[in-house]
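Down below is the structure, laid out as structure tokens.
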Amino acid sequence: MPIRLWFALSIATLTGYAQPAGCAMDRAVRLHQTGDFPGAIREYQACIAAEPARVEARSNLGAVLAKLGRYQDAIDQYQAALRMAPRDLASRLRFNLALAYYKSFQIPEAVAEFETLRGEQPADLNLALLLADCRLRTGDFQAAIDVLTPLEASQPDQPALDYVLGMALLRTGRIPEGQARVDRILRRGESAEGRFLLGASLFMAGNFPGAVAEFSKAAALDPNLPSLQSYYGQALLFTGDADGAAVAFRKELAANPNDFDANFQLASILAHRGKPDEARPLLARAVQVRPGSAEAREALGKGFPADQPTQADPGIAVGSRAPAIGTLDLGRPTKPVVLVFGSYTCPKLRSSAAALKRIAEQYRDRIDFRLVYIREAHAQGGPESQWQSTINIKEGVSLAPARTLPEKQEHAALCLRKLELPFPAVIDGMDGAAETAYQAWPSRLYLVGRDGKVAFSTRLGELEFRPADLETAIREILSKTGVE
């Protein structure tokens, strides 16, 4: 059963009323109940014209408008009714108002109304689920946990509670606790929700190929499950399939235009592909959804910066000496050297190959380019097979792990030939000494100056490698030696 059907989302109508002259409320309600919504709208509007303070007419008109997807018009009617409603009707009206905000993806506004209602009805499970789901959508995962945890003991067999609480726990990194809720859902039988949560568990644990597999199974069961395509896209992106990720993000946004991650990550893809005009509205929406996201605000104001290595992934720092790679002594090279670390099964190397080829040909007389062939990123049948990339499957790229140095040399030759890279390869030993020294797996690039020191470094990949930054670094290093 899809999660969206686990919530009670119906907007209530009000009954019990007097009928002044010019107002046929009985007829309006009959038209409403029989599905003649245009007729019901006309009659409710006539009642409001006859008596503007009629709370039930405004409330029921709001319900019809919401049914037709005219949420902002419905919100206007609910707000007007709420201002004049007696105390005994205010909670029902506020709930309808909150649902209209929720269904129109105005999540911060929905949160404010649901919080007010929760203060009045702290034990209402449906209300708590809706509020917690809003908190998930705005990225306030701990708040979602705080809303649902007090209800869990008294609601031991509620799949929606397991689903929303499980997702919130996973997103805060509390994997074992989240996994317990996943297991409860899976024990109830095969479901898109169970597969989605299992995929989310793998995603948070860093097993992105495993997450892709589970998200794909969830999508086969219910492709319209809220947030599924957003997570699917992120997992595809981590495995190097930016094209597949963009498709998934667009699917999510077609159903939920306020999904933060789909907006932000699709904007990142478009910006890195030279389409800033398409990226900007997505970034603006991401900031609107999560105004507290410094990353989104920075990207909206200044554009996406080149992704920098994190503290846990520093590589060799700029200014540090470059270690030798086998017989390649980098102590005092005769000209600057660009070291391109990677393997043929690394989609990030392949996606960067065209730019690397162009830059290598442009500076071929002044810069020494070398491919440093390291361990396969996604070897078939080896330990790396747990990290098989979806884009490798799509492109038919498959290599077994090299068992000997000659096999590794053959892989390097294949890589140079397939990618048409116009520079020689240096083969890292079977001990992976260079890969370890340069923290280069699965792919990386360094520019080493004639002084033997690192002048520039970057990861490879469509969203990480910026050719213009490498070219700038090359020009700077050549200008210092008077070669440019």
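Letter by letter, the sequence shown follows residues -20 to -1, 1 to 464 of mature numbering (1 follows the signal peptide of the UniProt record, and there is no 0).
Even for Gly, the Cβ is constructed at its ideal location relative to N, Cα and C.
Bear in mind the structure is a predicted one, so any value in this text is a computation, not a measurement.
Best match in the options for proximity to residue i [C-alpha to C-alpha]
{"i": "Leu246", "options": "Arg397, Ala259 and Gln122", "result": "Ala259"}
{"i": "Lys197", "options": "Val298, Gly179, Glu356 and Val9", "result": "Gly179"}
{"i": "Cys3", "options": "Asp16, Ala37, Arg10 and Gly15", "result": "Ala37"}
{"i": "Phe445", "options": "Ala392, Arg430 and Val320", "result": "Val320"}
{"i": "Arg164", "options": "Asp309, Ala140 and Gly15", "result": "Ala140"}
{"i": "Phe284", "options": "Ala302, Gly295, Ala297 and Leu262", "result": "Leu262"}
{"i": "Ser210", "options": "Asp221, Phe229 and Ala199", "result": "Phe229"}
{"i": "Gln360", "options": "Arg312, Pro381 and Gly169", "result": "Pro381"}
{"i": "Ile333", "options": "Gln59, Glu23, Leu401 and Gln159", "result": "Correcting the residue type first, residue 333 is Ala in the shown sequence and not Ile. Cα-wise, what sits closest to Ala333 is Leu401."}
{"i": "Ala405", "options": "Gly158, Pro206 and Val317", "result": "Val317"}
{"i": "Leu450", "options": "Ile249, Ser459 and Phe436", "result": "Phe436"}
{"i": "Asp104", "options": "Leu250, Leu128 and Gly119", "result": "Leu128"}
{"i": "residue 474", "options": "Arg72, Ala193, Ala92 and Ala133", "result": "Outside the shown range of the chain, which is -20 to 464, sits residue 474, and nothing can be said about it."}
{"i": "Ala60", "options": "Arg312, Ala33, Glu278 and Ala90", "result": "Ala33"}
{"i": "Thr118", "options": "Ala185, Thr14, Leu48 and Pro88", "result": "Pro88"}
{"i": "Leu396", "options": "Gly322, Leu425 and Asn187", "result": "Gly322"}
{"i": "Asp16", "options": "Arg312, Gly220, Leu48 and Glu31", "result": "Leu48"}
{"i": "Ser459", "options": "Ala30, Lys315 and Arg383", "result": "Lys315"}
{"i": "Asp150", "options": "Arg167, Asn372, Ala124 and Leu205", "result": "Contrary to the premise, residue 150 reads as Leu rather than Asp in this sequence. Closest option to Leu150, Cα to Cα, is Ala124."}
{"i": "Phe85", "options": "Asn236, Ala264, Ala357 and Met410", "result": "Asn236"}
{"i": "His358", "options": "Glu278, Arg346, Thr219 and Glu415", "result": "Thr219"}
{"i": "His252", "options": "Arg72, Ala222, Arg167 and Lys83", "result": "Ala222"}
{"i": "Tyr82", "options": "Gln52, Gly186 and Asp411", "result": "Gln52"}
{"i": "Pro313", "options": "Pro18, Asp113 and Val434", "result": "Val434"}
{"i": "Leu308", "options": "Pro206, Pro327, Ile155 and Phe349", "result": "Phe349"}
{"i": "Ala185", "options": "Gly158, Pro294, Lys255 and Ala26", "result": "Gly158"}
{"i": "Pro386", "options": "Asn372, Thr152, Met410 and Ile373", "result": "Met410"}
{"i": "Cys326", "options": "Lys337, Asn204, Gly153 and Glu375", "result": "Glu375"}
Pair within 8 Å by beta-carbon distance, residue i and residue j
{"i": "Ala304", "j": "Phe403", "result": "no"}
{"i": "Ile354", "j": "Asp408", "result": "yes"}
{"i": "Ala8", "j": "Asn40", "result": "yes"}
{"i": "Phe351", "j": "Ala413", "result": "A quick correction: the sequence has Leu, not Phe, at residue 351. No, the Cβ-Cβ distance between Leu351 and Ala413 is not below 8 Å."}
{"i": "Asp137", "j": "Ala172", "result": "no"}
{"i": "Arg301", "j": "Gly432", "result": "yes"}
{"i": "Leu182", "j": "Gly190", "result": "yes"}
{"i": "Ala200", "j": "Leu208", "result": "no"}
{"i": "Met64", "j": "Val91", "result": "no"}
{"i": "Ser248", "j": "Leu443", "result": "yes"}
{"i": "Phe176", "j": "Ala148", "result": "no"}
{"i": "Tyr426", "j": "Ile347", "result": "no"}
Per DSSP, cross-strand counterpart(s) of residue i
{"i": "Leu427", "result": "Val318 and Phe436"}
{"i": "Ala80", "result": "For Ala80, which the question treats as bridged, DSSP gives no partner whatsoever."}
{"i": "Ile305", "result": "Leu308"}
{"i": "Asp348", "result": "Val317"}
{"i": "Ile407", "result": "Tyr353"}
Residues near residue i in its chain [Cβ-Cβ closer than 6 Å; skip 5 each side]
{"i": "Phe240", "result": "Ala266, Val269 and Arg270"}
{"i": "Phe244", "result": "Ala266 and Ala276"}
{"i": "Ala225", "result": "Gly213, Leu216 and Leu217"}
{"i": "Ala242", "result": "Ser210, Phe229, Glu232 and Leu233"}
{"i": "Leu399", "result": "Ala333"}
{"i": "Leu329", "result": "Gly322, Ser423 and Leu440"}
{"i": "Leu(-16)", "result": "Reliability fails at Leu(-16), whose pLDDT of 33 lies under 50, so the model's placement of it is uncertain and the value that follows must be treated cautiously. Closer than 6 Å at Cβ, skipping near neighbours: no residue."}
{"i": "Leu77", "result": "Tyr58 and Glu93"}
{"i": "Arg115", "result": "Ala123 and Ala124"}
{"i": "Pro289", "result": "Because Pro289 carries a pLDDT of 47, less than 50, the predicted location of this residue cannot be relied on, and no value is offered for it."}
{"i": "Ser378", "result": "Gln360"}
{"i": "Lys388", "result": "Ala382 and Ile407"}
7 Å CB neighbourhood of residue i in its chain, flanking five on each side removed
{"i": "Ala54", "result": "Gly42, Leu45, Ala46 and Ala80"}
{"i": "Leu394", "result": "Tyr324"}
{"i": "Glu23", "result": "Ala4, Arg7, Ala8 and Leu11"}
{"i": "Asp142", "result": "Arg161, Arg164 and Ile165"}
{"i": "Pro447", "result": "Ala335 and Ile339"}
{"i": "Val132", "result": "The question names Val, but residue 132 in the sequence shown is Glu. Cβ neighbours of Glu132 beyond the five flanking positions: Leu141 and Leu145."}
{"i": "Arg168", "result": "Pro139"}
Residue i: CB within 7 Å of a non-hydrogen atom of the ligand ZN
{"i": "Thr118", "result": "With respect to small molecules bound, the structure shown includes none, and the ligand ZN cannot be examined in it."}
Same chain, Cβ closer than 8 Å to residue i, five either side skipped, listed in chain order
{"i": "Arg107", "result": "Here residue 107 is Leu; the residue named in the question, Arg, does not match the sequence. Cβ neighbours of Leu107 beyond the five flanking positions: Phe75, Phe94, Leu97, Arg98 and Gln101."}
{"i": "Thr452", "result": "none"}
Neighbour flag for residue i against chain D, beta carbons, 8 Å
{"i": "Asn372", "result": "Structure shown: chain D not included; a single protein chain is present."}
Let me know the beta strand (DSSP E) ranges lying completely inside the region 109 to 195, each 3 residues or longer, listed in chain order.
none
Runs of alpha helix (DSSP H) wholly within the region 1 to 38 (minimum 4 residues, chain order)
5 to 13 and 17 to 30
Runs of 4 residues minimum, wholly inside the region 46 to 92: which ones carry the alpha helix (DSSP H) assignment?
Runs found: 51 to 64 and 67 to 83.
Whole alpha helix (DSSP H) elements within the region 257 to 288, 4-residue minimum:
Considered as a whole, the region 257 to 288 harbours 274 to 282 as its complete alpha helix (DSSP H) runs of no fewer than 4 residues, in chain order.
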